[in-house]
Structures are given as structure tokens and as C-alpha cells.
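Heads up: the sequence shown runs through residues 0 to 187, numbered per the numbering used here.
First the structure, in the form of C-alpha cells, and then the observations on it.
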Amino acid sequence: MRKLIFGMNVTLDGYIAATGDDIGWSGPPDDELFRWWLDQELASDLTLYGRKLWEAMSSYWPTGDQQPGATPAQIEFARNWRDTPKVVFSSTIDKVGWNTRLVTGDAVAEISRLKAEDGGPARVGGATLAGAAVRAGLVDEYQIVTHPVLVGGGTPFLTALDSWVNVNLVESRTLPGGVVLARYETRR
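Below, the structure is given as C-alpha cells:
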């Protein structure tokens with residue numbers, strides 16, 4: 000059975016995007032934070048995307064290694080992004096590329112099926128898709144990178160839950176500038 004991980008950059012008041020889908024509050028990641036995210040991606044065998052996150056990632060990373068000034072870590076991230084199998088959950092997209100397949104049906108049923116397969120960890124991204132996986136009790140680990148900024152509204156890291164989810168802190172460290180990396184495992 001695969002482990003399912005949900006991780007995002009989050010504001011101190013709990014948003015992954017400010018009003019208007021603005022993610023400018025996180026700024027470009029410094030090298031240490033980018034490397035941490037790269038390490039998390041390299042440890043995963045499968046990535047699950049909701050539509051909005053898919054559109055953001057697929058607009059840049061297919062050619063991210065060819066951008067002027069791309070760092071070695073960005074080059075590695077782009078190559079890994081293209082090579083890692085991906086599943087996009089959307090009823091409005093009709094085409095995907097880059098080692099990706101599209102699912103238009105029941106997301107929770109498909110995530111449950113994928114999680115039951117043998118294989119390395121899978122990552123789920125996008126607040127709506129991840130929220131459905133959390134409510135279904137499918138998420139095993141949360142990776143939360145908290146940035147020292149308050150935005151007052153927008154897209155929350157977690158949508159309303161049906162019940163509490165108890166977690167154990169596995170890792171925590173503070174980067175320069177007050178960014179806090181934290182990993183939590185679901186207590187079962």
C-alpha cells in the first residue's frame with residue numbers, strides 16, 4: 000500500500016493562496032527551501048493534481064530546465080517533474096501531457112485505488128482534491144511549509160473537515176527568514 004502525502008506552502012493564517020489565487024506572498028523559494036521540496040518530490044513515485052495546481056505546474060515545469068538562469072536544483076526538479084507519473088483530476092480539462100493521465104470520475108474512489116497499489120509514496124496537491132482525500136481518511140502525512148505572512152483570506156490549506164484528524168510531529172525546522180518546515184504523520 001502506498002503512503003499518501005499532502006504538502007503545500009501555507010501562510011501563517013492557513014492559506015495556500017491569497018484572494019484572487021495570488022501566491023506572490025511566498026516569493027521565490029530560497030535554495031534551501033527549494034532543495035527541501037525537491038527532495039520530497041524525488042522521494043515520490045506518483046503525483047496527484049487538482050485542476051488549478053496542474054495548470055500552474057504544467058505552465059512552467061515542462062521546460063523549467065531550459066529557462067535562463069535555471070539552477071541545478073531547478074533543472075533536476077523539471078526533469079523529475081516530467082518523468083514522474085502524474086494523475087490529474089478534473090471534469091473541465093480534456094487533455095494532459097508529460098507522463099500524465101486524466102481522471103474525470105470519482106476522485107476519492109480513484110485515489111483509494113491508487114493508494115492500495117504497491118509502490119512508493121504518492122503526493123496529492125491542490126486544496127480541493129487534497130481536502131476530499133483528507134475527509135476520506137486517505138492522507139498519511141502532511142508537509143506544511145509555513146511562511147511568516149498573514150493574507151486574511153483566500154484558499155485555505157484545508158477545507159472543512161467532517162471530524163478531527165490527529166497527527167504526530169515527525170520533523171520541524173526553521174529556515175532563515177522564519178519559514179517553518181514541518182512534517183506530520185496521521186495517527187491511526
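Ideal Cβ positions, reconstructed from N, Cα and C, are used throughout, including at glycine.
* To do: Give the DSSP-derived three-state secondary structure of residue 134 in the structure shown.
  => Translated into the one-based positions of the sequence shown, residue 134 becomes position 135. In the structure shown, residue 134 adopts helical secondary structure according to DSSP, grouped into three states.
* To do: Within 10 angstroms of the Cβ of residue 0, are there 16 or more other Cβ atoms? Answer buried if so, exposed if not.
  => On the sequence shown, position 1 is the one that residue 0 refers to. That one is exposed.
* **Which of helix, strand or coil DSSP assigns to residue 73** => The residue labelled residue 73 in the question sits at position 74 within the sequence shown. Residue 73: helix per DSSP, three-state reduction.
* Give the DSSP-derived three-state secondary structure of residue 0 in the structure shown. => For the purposes of this step, residue 0 is identified with residue 1 of the sequence shown, where counting begins at 1. Residue state, collapsed to three classes: coil.
* What does a CB cutoff of less than 6 Å around residue 95 pick up in its chain, not counting 5 residues either side in sequence? -> Reading the sequence shown from its first residue, position 96 is the one you call residue 95. Within the same chain, residue 95 has close Cβ partners 87 and 101.
* How far does the beta strand (DSSP E) with residue 199 in it reach, from first residue to last? -> Residue 199 is absent from the structure shown; the chain starts at 0 and stops at 187.
* To do: Inspect the beta-carbon positions of residue 69 and residue 63 and report whether they are closer than 8 Å.
  => Counted from its first residue, the sequence shown places residue 69 at position 70. Counted from its first residue, the sequence shown places residue 63 at position 64. Cβ distance < 8 Å, so residue 69 and residue 63 count as in contact.
* residue 43 beta carbon less than 8 Å from that of residue 120 -> Counting from one through the sequence shown, the residue named residue 120 turns up at place 121. Counting from one through the sequence shown, the residue named residue 43 turns up at place 44. Going by C-beta atoms, residue 120 is nearer than 8 Å to residue 43.
* Grouping DSSP H, G and I as helix and E and B as strand, with all else coil, what is residue 186? -> Taking the first residue of the sequence shown as 1, we reach residue 186 at position 187. Residue 186 falls in the coil class under three-state DSSP.
* **Contact belief for residue 14 with residue 153 at Cβ below 8 Å, rounded distance in angstroms** => Taking the sequence shown and counting its residues from 1, one reaches residue 14 at position 15. Taking the sequence shown and counting its residues from 1, one reaches residue 153 at position 154. About 4 Å separates the two Cβ atoms, so the contact holds.
* Asked: Assuming residue 48 and residue 2 make a contact with CB atoms under 8 Å, what is their CB distance in whole Å?
  -> In the sequence shown, the residue the question calls residue 48 occupies position 49. In the sequence shown, the residue the question calls residue 2 occupies position 3. No, residue 48 and residue 2 are not in contact; Cβ-Cβ is about 18 Å, not under 8 Å.
* **Boundaries (first-last residue) of the alpha helix (DSSP H) holding residue 22** => Here residue 22 refers to the residue found at position 23 of the sequence shown. Run containing residue 22: none; DSSP gives neither H nor E here.
* Neighbourhood of residue 12 by C-beta, 6 Å cutoff - its chain only, sequence neighbours within 5 removed -> Within the sequence shown, the letter at position 13 stands for residue 12. Closer than 6 Å at Cβ, skipping near neighbours: 149.
* **As assigned by DSSP and simplified to three states, the class of residue 87** => Along the sequence shown, read from residue 1 onward, the residue named residue 87 stands at position 88. Here residue 87 sits in strand by DSSP.
* Asked: Given that a residue counts as buried once 16 or more other Cβ atoms are within 10 Å of its Cβ, and exposed if not, what is residue 124?
  -> Position 125 of the sequence shown, counting from 1, holds the residue named residue 124. Label assigned to residue 124: buried.
* **Backbone secondary structure at residue 159 - three-state DSSP** => Here residue 159 refers to the residue found at position 160 of the sequence shown. If DSSP states are grouped into helix, strand and coil, residue 159 belongs with coil.
* Would you give the residue range spanned by the alpha helix (DSSP H) that residue 55 belongs to? => The sequence position of residue 55 within the sequence shown is 56, counting from 1. Per DSSP, the unbroken alpha helix (DSSP H) holding residue 55 starts and ends at 50–57.
* **Cβ-Cβ distance between residue 144 and residue 180 below 8 Å** => On the sequence shown, residue 144 is found 145 positions in, with the first residue counted as 1. On the sequence shown, residue 180 is found 181 positions in, with the first residue counted as 1. Yes, the Cβ-Cβ distance between residue 144 and residue 180 is below 8 Å.
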